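**Student:** Just add 1334 to wherever you are in the sequence shown, counting from 1, and you've got the working numbering.
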Amino acid sequence: MLALDLGVFSKKEEAPSFRKAVAWCVVWVSLAGAFAFLLSAFVNTPEHPGSEVAELFAAAYILELALSVDNLFIFILVFAHFSIPERLQHRVLFWGILGAVAMRALFIIVGVAAVDRFTWLLPVFGAFLLFTGFKLAFAKDENEGKSMEENFIVKVARKCIPLTTHLHGNSFWAVENGRRVFTPLFLVLLVVEGTDLIFALDSIPAVLGILPPGMAIEERRFIAFTSNIFAIMGLRSMYFALSGFVQYVRFLKPALAFILVFIGIKMILPWAAKLGQPDGQIAAWVPELFVNAGVVHLPTQVSLGVIGVILAIAIALSVAFPKKA
1335 MLALDLGVFS KKEEAPSFRK AVAWCVVWVS LAGAFAFLLS AFVNTPEHPG
1385 SEVAELFAAA YILELALSVD NLFIFILVFA HFSIPERLQH RVLFWGILGA
1435 VAMRALFIIV GVAAVDRFTW LLPVFGAFLL FTGFKLAFAK DENEGKSMEE
1485 NFIVKVARKC IPLTTHLHGN SFWAVENGRR VFTPLFLVLL VVEGTDLIFA
1535 LDSIPAVLGI LPPGMAIEER RFIAFTSNIF AIMGLRSMYF ALSGFVQYVR
1585 FLKPALAFIL VFIGIKMILP WAAKLGQPDG QIAAWVPELF VNAGVVHLPT
1635 QVSLGVIGVI LAIAIALSVA FPKKA
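(1) Three-state secondary structure (DSSP) at V1580?
(2) Which of helix, strand or coil does DSSP assign to A1617?
(3) Would G1467 and G1543 qualify as a contact pair, given that the criterion is a beta-carbon distance under 8 Å?
(4) So what's V1377 in DSSP terms, helix, strand or just coil?
(5) Taking A1393 as the reference, give the member of R1554, I1532, V1361 with the closest Cα.
(6) Straight-line CA distance for P1604 to R1584?
(7) Tell me which same chain residues have a C-beta within less than 8 Å of the C-beta of I1616, skipping the five on either side of it?
(8) Less than 8 Å between the CB atoms is what I'm expecting for M1437 and D1536, so what's the real figure, rounded?
(9) Rounding to the nearest angstrom, what Cα-Cα distance links L1365 and F1428 in this structure?
(10) Going by the CB atoms, is the gap between I1593 and A1370 shorter than 8 Å?
(11) Taking the straight line between their C-alpha atoms, what separation do you get for I1597 and V1640?
(12) Roughly how many whole angstroms lie between the Cα atoms of D1404 and A1646?
(13) Say yes only if the C-beta of V1435 is nearer than 7 Å to one or more non-hydrogen atoms of the ligand GDP, and no if none qualify.
(14) Report the residue from R1451, G1568, Q1423 whose alpha carbon sits nearest the alpha carbon of A1357.
(15) Can you give the beta carbon distance from F1462 to P1539, rounded, assuming they're within the 8 Å contact cut?
(16) By Cβ distance below 8 Å, which residues in the same chain neighbour S1505 in space, the five residues on each side in sequence not counted?
(17) Any idea what DSSP makes of L1406, helix, strand or coil?
(18) Using the beta-carbon count (16 or more within 10 Å), is Q1423 buried or exposed?
(19) How long is the line joining the alpha carbons of T1499 and I1408, rounded to whole angstroms?
(20) Compute the beta-carbon to beta-carbon distance between I1563 and A1447, rounded to the nearest angstrom, for a pair I have assumed lies under 8 Å.
(21) Cα separation between T1286 and R1514?
(22) Quick check on the DSSP output: the beta strand (DSSP E) that includes E1510 runs from which residue to which?
(23) Helix, strand or coil for L1497 per DSSP?
(24) According to DSSP, is F1516 part of a helix, a strand, or is it coil?
(25) Using the rule of at least 16 other Cβ atoms within 10 Å of the residue's Cβ for burial, across every protein chain shown, is E1478 buried or exposed?
(26) What's the C-alpha gap between S1417 and G1528?
(27) Looking only at its chain, what residues have a beta carbon closer than 8 Å to the beta carbon of I1442, apart from the 5 residues adjacent to it on each side?
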């Protein structure tokens, strides 16, 4: 499906129409739903039945999809600042997605192994998500007034590689005055990849926070990777479908902040529940619903419900109280 979307149906040097982008969004979401159904029907282990695995995948996928929407703001600003025409934007996202797939795979392999080996990393990641959530909640919306030239990647690129200010068709590099130079298209690609790298530092720990601590390392890697890939695959189509509307969802950032704080608390809870307790016992203030075989873990249905309710409230508030022109 990725080869069809990126390599066949997007061969023409033109931006996908709104209708085509929406159609591909529906395709990717439907494929994720079908994948969850297959997990429920055919994956079955004594510890985690197929229905639970499907719920975990769905929760991780929805979380990734919600957090990915925040990337659209960055993409819009980057393309606008460097005056990249719509017909060339899909080329940047094409290579950006391929790079993101490889980068996410590496992050997940290393991250899951690290959490499995050093269990104290979970509350550390949780604290990091709490910090990120509060920072996002109270951050001023200064992106529109802030010059993209202040971006760290842009600064380093301008110092380290030869760049031209002129576009050369859809090429990432060209020859000017007998010297090979990189075009603004390549600089935008670097910013897109760097943005995804920073985004992965938040999203991957958040996904790991949803998964049960006792889950096998292979199962955690599988769910984390597949949910990430399905979300990333739909990001390109989502950009062209929602780029004109996402700026009007004024309560999206607070919603994402609440979600990050919720996942952060969820990751810290197992550690906090045993803090100061004898023989690793669980504190009395923890509801029995959140305890399974001596391990504190919020049920997947709770995570799904909280994420869904927060996003629904954000959309409803954005419709009820639209951003003033």
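Glycine included, each C-beta is placed from N, C-alpha and C at the ideal position. Keep in mind that this is a model prediction, so the values were computed, not measured.
**Tutor:** So, to answer that:
(1) helix
(2) coil
(3) no
(4) coil
(5) R1554
(6) 34 Å
(7) A1607, K1608, V1625, G1628, V1630
(8) Not quite, the Cβ-Cβ distance comes to about 14 Å (not below 8 Å), so this is no contact.
(9) 19 Å
(10) no
(11) 10 Å
(12) 16 Å
(13) The model on display carries no ligand, and the ligand GDP is accordingly not part of it.
(14) G1568
(15) 7 Å
(16) T1517, L1519
(17) helix
(18) buried
(19) 21 Å
(20) Actually they are not in contact, since the Cβ atoms of I1563 and A1447 sit about 19 Å apart, beyond 8 Å.
(21) The first residue shown for the chain is 1335 and the last is 1659, placing residue 1286 beyond what the model contains.
(22) 1507–1510
(23) strand
(24) strand
(25) With a pLDDT of only 47 at E1478, under 50, the local geometry of the prediction cannot be trusted, and the value read off the model is given with reservation. E1478 should be labelled exposed.
(26) 19 Å
(27) I1538, R1555, A1558, F1559, N1562
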